[in-house]
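Written out below as C-alpha cells is the structure these notes cover.
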Amino acid sequence: MPEKITDKQVRSPISGRLAPFRRVVVKVGSSLLVDQQTGLRRDWLGALAQDLAALGDNGADVLVVSSGAIALGRSVLRLPRGKLKLEESQAAAAVGQIALSRAWSEALGDTGRVAGQILLTLGDTEERRRYLNARATIANLLRLRAVPVVNENDTVATSEIRYGDNDRLAARVATMVSADLVLLLSDVDGLYTAPPASDPGARFIAEVQTITPEIEAMASGAGSELSRGGMQTKVEAAKIATGAGATLVIASGHETGPIHRIDAGARSTWFAPVASPVAARKAWIAGTLEPRGAVFVDAGACNALRAGKSLLPAGVKRIEGRFERGDTVAIRSEDATLLGVGLTAYDDADARLIAGRRSAEIEALLGYAGRSEMIHRDDMALGASPVADSEG
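The numbering of the sequence shown is my numbering, which starts it at 6 and goes up by one.
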C-alpha cells in the first residue's frame with residue numbers, strides 16, 4: 006500500500022483542467038480495480054484514493070461509483086471464467102461487496118477520508134420518493150465530508166430492474182446530486198471515430214460539444230470480460246450527464262494516478278454540458294413534472310422565494326390536493342397567482358399539519374424530525390408554467 010498521507014501540503018494539488026469543478030462523480034470500472042489473475046489492485050486503488058483526496062483538498066465534493074463487487078466475489082468463490090448465471094452473479098456480488106467496501110474504506114482511510122457505502126437499484130433514481138431519500142443520504146454524507154461509494158445492488162437486481170452498467174449509474178447519480186463533472190475511468194482513453202483496435206485509421210475525438218447521431222454511431226461493444234459497459238453506454242451516460250448540466254470525461258484509468266493525469270492534460274474525451282446543473286434541474290422540474298397539488302403562501306414567503314430562499318412551513322397559508330413526498334406541487338400566492346413549482350418534502354397530510362408553523366415545531370407536530378423546508382430552493386422553479394395549470 007502507498008504510504009499514508011495526512012498532511013494536505015504533501016499531496017500533489019489539483020491545479021489544471023479539473024480545478025474549477027465543485028462536485029465530482031468518479032466512476033471506476035471493474036477491469037481497473039480487479040486483475041483476473043491476482044485480484045484487487047491495491048496499489049492502484051491506494052494511488053486513486055490520493056487523487057480523490059486531492060480533489061477534496063481543492064474544495065470539491067467527491068463521490069465514487071465503483072464496479073468490482075462481482076469480479077471480486079467470483080475470484081473469492083473461484084467461479085469459472087465466462088458469463089455467469091444470474092444467481093451466480095448475485096452470490097458473487099454478496100461476497101465481493103464486503104471485500105470491495107473494505108478496500109475502499111482502507112484506501113480512503115489512509116488519506117484521512119471516511120467512506121460511506123451506498124447500494125442503489127434502478128428504482129432509487131427513477132421513483133421520486135426513493136430518489137429523494139437517496140439524495141438526502143448522499144447530501145448528508147457530503148456535508149459530513151465523507152466520500153459516498155456507490156454501486157448497484159447486484160445482490161437483488163435482475164435484468165429487468167437494473168441499470169446494467171455503472172456508466173449510466175454514474176450519470177444518474179450525478180443528476181441526483183447536481184454534480185458538475187463526471188469522470189468515467191475505464192480501459193479506453195476516449196472516443197474514436199471507429200474501434201482503434203480494428204481500424205488503424207480511427208481518429209481520436211478530444212471534445213464533443215453536441216451528441217449527434219454520428220457521435221452515437223461511433224460507439225462499440227464492451228471492452229473486457231469484467232466490464233458490462235462499452236463505448237455505447239459511455240455515450241449514453243454522456244447524454245444523461247450533459248443534459249443535467251455536467252461535463253463528462255472518458256479517460257483511461259490504467260496508469261497510476263489517473264485523475265492527476267487528466268488534470269495535467271492526458272488524452273481524454275470531454276463532453277460539454279448543455280447548461281449548469283442547477284439550471285438543468287430547475288428546467289426539469291418546471292417542464293417535465295405535472296403538479297399533484299398546490300401550496301398557497303403569504304406575502305412574506307413570496308418575497309423570500311423571489312430572493313432565492315427556500316419555502317418554510319411558516320409561510321404557507323393553506324394546502325390543496327393530494328400528494329406524496331417528492332411529488333411536484335404548484336406554488337401560489339394567497340390570491341392564487343402562480344409563482345412556480347417545486348418538489349415537496351412532505352405529503353399533503355403532514356403539510357397541512359405544519360402549515361403556518363415554525364420549523365422548530367415540526368417534530369412535536371408530526372412525531373418525527375422532518376426537514377425544516379417544505380420545499381427546498383434547489384427543488385423549486387419559480388416562474389414556471391406547468392402543463393396542468395389552467396390559469397397560466
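Cβ coordinates follow ideal geometry from the N, Cα and C atoms, glycine included.
Under 8 Å between C-beta atoms of residue i and residue j
| i | j | result |
| --- | --- | --- |
| L277 | A256 | Note on identity: in this sequence residue 277 is Ala, with Leu being the wrong assignment. Their beta carbons are not under 8 Å apart, which means A277 does not touch A256 by this criterion. |
| V69 | V182 | no |
| P296 | V346 | yes |
| D66 | L149 | no |
| D125 | N158 | Per the sequence shown, the amino acid found at residue 125 is Leu instead of Asp. Cβ atoms of L125 and N158: closer than 8 Å. |
| I123 | V155 | yes |
| K244 | I216 | yes |
| L38 | G73 | yes |
| W100 | L188 | A small fix is needed here, since residue 100 is Val in this sequence, not Trp. Their beta carbons are not under 8 Å apart, which means V100 does not touch L188 by this criterion. |
| L348 | D384 | yes |
| R4 | G331 | In this structure the chain extends from 6 to 397, so residue 4 is not present and cannot be described. |
| D194 | R22 | no |
| L105 | S71 | yes |
| L186 | V300 | no |
| A374 | E366 | no |
| D172 | T130 | no |
| G235 | A222 | no |
| E93 | L84 | yes |
| D40 | R47 | no |
Residue i - partner residues in DSSP beta bridges
| i | result |
| --- | --- |
| G313 | G313 is not bridged to any residue. |
| Q122 | V154 |
| R323 | F301 |
| E212 | W275 |
| T333 | L348 |
| T252 | L186 |
| L105 | Its beta-bridge partners do not exist; DSSP assigns none. |
| S338 | V302 |
| L257 | Note that residue 257 is Ser in the sequence shown, not Leu. S257 is bridged to S191. |
| L343 | R337 |
| R28 | D66 |
Rounded C-alpha distance that separates residue i from residue j
| i | j | result |
| --- | --- | --- |
| A98 | W109 | 16 Å |
| L358 | L370 | 7 Å |
| S80 | D355 | 50 Å |
| G388 | G361 | 23 Å |
| E325 | R266 | 54 Å |
| A120 | A211 | 33 Å |
| Y197 | D303 | 56 Å |
| K13 | F328 | Note that K13 scores 46 on pLDDT, short of 50, meaning its location in the model is unreliable; the coordinates nonetheless yield the value given after this. Their Cα atoms are separated by approximately 48 Å. |
| S36 | R86 | 14 Å |
| S377 | S315 | 9 Å |
| E111 | L50 | 10 Å |
| H259 | I336 | 50 Å |
| A319 | K287 | 24 Å |
| E219 | T342 | 46 Å |
| D204 | D192 | 18 Å |
| T261 | A96 | 31 Å |
| P5 | L77 | Examination of residue 5 is not possible in this model, given that the chain is present from 6 through 397 alone. |
| G250 | L174 | 16 Å |
| L310 | T116 | 41 Å |
| S364 | A242 | 39 Å |
| A246 | R177 | 7 Å |
| A184 | I380 | 20 Å |
| L190 | A350 | 35 Å |
| A312 | A280 | 22 Å |
| A207 | A285 | 34 Å |
| R382 | L82 | 48 Å |
| D352 | N308 | 24 Å |
| L317 | A141 | 18 Å |
| I143 | L89 | 31 Å |
| D340 | R27 | 40 Å |
| G44 | I75 | 12 Å |
| R107 | W275 | 32 Å |
| Q214 | V321 | 43 Å |
| L118 | R135 | Correcting the residue identity first, residue 118 is Arg in this sequence and not Leu. Their Cα atoms are separated by approximately 27 Å. |
| N145 | A199 | 42 Å |
| T252 | A306 | 35 Å |
| A52 | A24 | 19 Å |
Near the ligand SAM: residue i beta-carbon under 7 Å from a heavy atom
| i | result |
| --- | --- |
| F328 | As far as ligands go, the structure on display features none, and thus does not contain the ligand SAM. |
Within-8 Å CB hit, residue i to chain D
| i | result |
| --- | --- |
| E221 | In summary, chain D is missing from the structure at hand, where a single protein chain is found. |
Legend entry - Unbroken stretches of the beta strand (DSSP E), 3 residues or longer, contained in the stretch 31 to 97: 66 to 71
Inset, instruction - Scan the stretch 131 to 197 and note each continuous alpha helix (DSSP H) run of 4 residues or more that stays entirely inside, going in chain order. - result: 133 to 148 and 171 to 182
Inset, instruction - Would you check if the stretch 59 to 73 and the stretch 14 to 29 touch, i.e. whether three or more CB-CB distances between them fall below 8 Å? - result: yes
Legend entry - Sequence ranges, alpha helix (DSSP H) only - wholly within the stretch 350 to 397, length at least 4: 353 to 359 and 367 to 371
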